[in-house]
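Asker: When we follow the working numbering, the leftmost residue of the sequence shown carries the number 2, and every step to the right adds one.
Even for Gly, the Cβ is constructed at its ideal location relative to N, Cα and C.
Quick one: the structure is below, questions incoming.
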Amino acid sequence: MLKQLESYFEFTRLGTNWRTEILAGVTTFLTMAYIVLVNPAILSASGMPLAAVTAATCLSAAFGSILMGVVARYPIALAPGMGLNAYFTYTVCLHMHIPWQTALGAVFLSGIIFLALTAAGIRQMILKSIPHELYAAVASGIGLFIAFIGFRNSGLVIADKETLVALGNLRYPTTYLALFGLILMVALEVKKVRGSILIGVLATTALAWALALAILHGPGAFTAMLSTASIQWAQDLVHWTPAPGGFHALGGTIFKLDIRGALNKGLLEIVFVFFFVDLFDNLGTLVAVTKRAGLIAADHSIPRLNKILFADATATVFGSMIGTSTVTSYVESTAGVMAGGRSGVTAIVTGSLFLGAIVAAPFVGIVPPAATAPALILVGSLMLATITEIRWTDPLVAVPSFLTLILIPLTYSIANGLGFGIIAWAVLHIATGRYRRQDWLLYILAVLFLARFIYLGAS
Numbered sequence: 002m003l004k005q006l007e008s009y010f011e012f013t014r015l016g017t018n019w020r021t022e023i024l025a026g027v028t029t030f031l032t033m034a035y036i037v038l039v040n041p042a043i044l045s046a047s048g049m050p051l052a053a054v055t056a057a058t059c060l061s062a063a064f065g066s067i068l069m070g071v072v073a074r075y076p077i078a079l080a081p082g083m084g085l086n087a088y089f090t091y092t093v094c095l096h097m098h099i100p101w102q103t104a105l106g107a108v109f110l111s112g113i114i115f116l117a118l119t120a121a122g123i124r125q126m127i128l129k130s131i132p133h134e135l136y137a138a139v140a141s142g143i144g145l146f147i148a149f150i151g152f153r154n155s156g157l158v159i160a161d162k163e164t165l166v167a168l169g170n171l172r173y174p175t176t177y178l179a180l181f182g183l184i185l186m187v188a189l190e191v192k193k194v195r196g197s198i199l200i201g202v203l204a205t206t207a208l209a210w211a212l213a214l215a216i217l218h219g220p221g222a223f224t225a226m227l228s229t230a231s232i233q234w235a236q237d238l239v240h241w242t243p244a245p246g247g248f249h250a251l252g253g254t255i256f257k258l259d260i261r262g263a264l265n266k267g268l269l270e271i272v273f274v275f276f277f278v279d280l281f282d283n284l285g286t287l288v289a290v291t292k293r294a295g296l297i298a299a300d301h302s303i304p305r306l307n308k309i310l311f312a313d314a315t316a317t318v319f320g321s322m323i324g325t326s327t328v329t330s331y332v333e334s335t336a337g338v339m340a341g342g343r344s345g346v347t348a349i350v351t352g353s354l355f356l357g358a359i360v361a362a363p364f365v366g367i368v369p370p371a372a373t374a375p376a377l378i379l380v381g382s383l384m385l386a387t388i389t390e391i392r393w394t395d396p397l398v399a400v401p402s403f404l405t406l407i408l409i410p411l412t413y414s415i416a417n418g419l420g421f422g423i424i425a426w427a428v429l430h431i432a433t434g435r436y437r438r439q440d441w442l443l444y445i446l447a448v449l450f451l452a453r454f455i456y457l458g459a460s
């Protein structure tokens, strides 16, 4: 049985083994486990039961990741997407006063459209129409994106009213810990230690809890010497809010979606936004992860692309039925890839841990942001390797690639960065007479992105 599984997941061809795949799956889970706490917090503001959304978040992530691993055999984990969950709550439910049941119906319809386009081969055509130089720009842009998230979570970069961003307080314990974790991970990576990222995350977590407990529950004389600020710092280091959960909690949202309401109320623009943003966020993540893992073929095609797209579309439909917003591929999957993950076993392990998180939800937040931040910074820096594939001496390639690369982190959106890159590519090639008839789908995508930006500006 074990040999058959290794053959199915192509361990020999990919140069991997069970130990590496399991470590990679755990690494991916740790870097994206925050979604178990964050997604319910956002969606519950729409009126959805917190405990139910927590269970739905874990179950949809488990279902999507395991399906991706088994069917498509890629190390890509899925979960309810950030950004789309905020749009679901704050724009659709609170601003437009749409009931959350109807909003779930809109998510379901967008997933059905995904499945239909996948079956018709249109999503595959869209992916193939994007120039491979923009693939490299997307991968590098996502590297900057997740590194920026790591810098923010570590406290190295903070918000500033005058300059938008600024250097954080380097004397803050969270920043100390993150820098410690980063140095440890890089040192282990240089020494080719398997599981370097996972070891770094666990070591930093252990150190954070040890410091916090020493400050809060140390000897009386030691505790008395501490200032109020020190105690606050200790609480910030391991800030942990238990999340309610359990399979029984699903009763509050499962099968509560209102599909007829989503159709009757003319919410086509909402369905379109869910569909459009998820389509290009997904494609961008897919390109970045497969490129980093070395799984893209020599002709820039992605093997088993149909199965990948089928898995993420099915996960979105499933998620809407049990009670969460759009399920999408996660860029944090690159952390697992950096840990050596190459096959679907990585995603299956991640999904299995999310399944366990339904019961263990109160303990998922035990890993502080300071421990996962250095993992995101390290992975982000290594993803910039693809930047060398871009022909920077050719303005027709360099400008669209630069816009894609830089606007992904600056607009906090993969879809926005890719959209500007595609528009710039189309406009520059038309303006210089370098357009080709076989690139007709790229120009249609440029028009659709332009229409989306105009729509966003108007609203």
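1) Determine whether the beta carbon atoms of V368 and I147 lie at a separation below 8 Å.
2) CB L110 to CB A263, shorter than 8 Å?
3) Near H98, what residues of its chain come up, given a Cβ to Cβ distance below 8 Å and the 5 sequence neighbours on each side ignored?
4) May I have the straight-line CA-CA distance separating G337 from R435, to the nearest angstrom?
5) So, with DSSP's three-state summary, where would you put V328?
6) Between L208, L51, I43 and M322, which has its C-alpha nearest D259's C-alpha?
7) Can you list the alpha helix (DSSP H) stretches of 4 or more residues lying completely in the stretch 29–82, in chain order?
8) Using a Cβ-Cβ cutoff of less than 6 Å, which residues in the same chain neighbour L406 once the five nearest sequence positions on both sides are dropped?
9) Tell me which residues share the same chain as G341 and place their Cβ nearer than 6 Å to its Cβ, disregarding the 5 neighbours each side in the sequence.
10) Span of the alpha helix (DSSP H) holding A316?
11) Name the one or two DSSP bridge partners that I159 has.
12) Within a Cβ cutoff of 8 Å, which residues of the same chain sit near A447, ignoring the five residues on either side of it in sequence?
13) Between which two residues does the alpha helix (DSSP H) containing N417 stretch?
14) Quick check: the stretch 124–132 against the stretch 300–318, are there 3 or more CB pairs under 8 Å?
15) Exposed or buried, I415, counting other C-beta atoms within 10 Å across all chains shown (16 or more means buried)?
16) With the cut-off set at 8 Å, would you say V350 and F10 are in Cβ contact?
17) Would you report the Cα separation of G320 and V37, rounded to the nearest angstrom?
18) Kindly give me the distance between the Cβ atoms of A289 and G70, rounded to whole angstroms, as I take these residues to be in contact under 8 Å.
19) Tell me which residue opens and which closes the alpha helix (DSSP H) that K192 is part of.
20) Return the chain-ordered list of same chain residues with a C-beta closer than 6 Å to the C-beta of R124, the five sequence neighbours on each side being excluded.
21) Here's the rule: buried if 16 or more other CB atoms are within 10 angstroms of the residue's CB, otherwise exposed. What is G324?
22) May I ask which residues mark the beginning and end of the alpha helix (DSSP H) holding P132?
23) Determine, using beta-carbon pairs with one atom in the stretch 144–163 and one in the stretch 377–386, whether at least three such pairs fall under 8 Å.
24) With distances taken between CB atoms, is the gap from L356 to A63 smaller than 8 Å?
25) Just to confirm my understanding: we take P50, look at its own chain, exclude 5 residues before and 5 after, and list those with CB closer than 6 Å. What are they?
26) Which residue's Cα is closest to the Cα of G82: F248, F275 and A53?
27) Among F12, G16, A167 and A34, which has the Cα closest to the Cα of S353?
Answerer: Short version:
1) no
2) yes
3) none
4) 40 Å
5) strand
6) M322
7) 36–44 and 51–68
8) A138, S141 and G142
9) T21 and A25
10) L306 to I323
11) A167
12) I423, I424, W426, A427 and V428
13) I415 to A432
14) yes
15) Buried, since its Cβ has 16 or more Cβ neighbours within 10 Å.
16) no
17) For G320 and V37, the distance between alpha carbons rounds to 14 Å.
18) So it is not a contact: roughly 18 Å between Cβ atoms.
19) It is not in any alpha helix (DSSP H) - K192 carries neither H nor E in the DSSP assignment.
20) L118 and L310
21) buried
22) P132 -> no alpha helix (DSSP H), and no H or E assigned at all.
23) yes
24) yes
25) G253
26) Of the residues F248, F275 and A53, the one whose Cα lies closest to the Cα of G82 is F275.
27) A34
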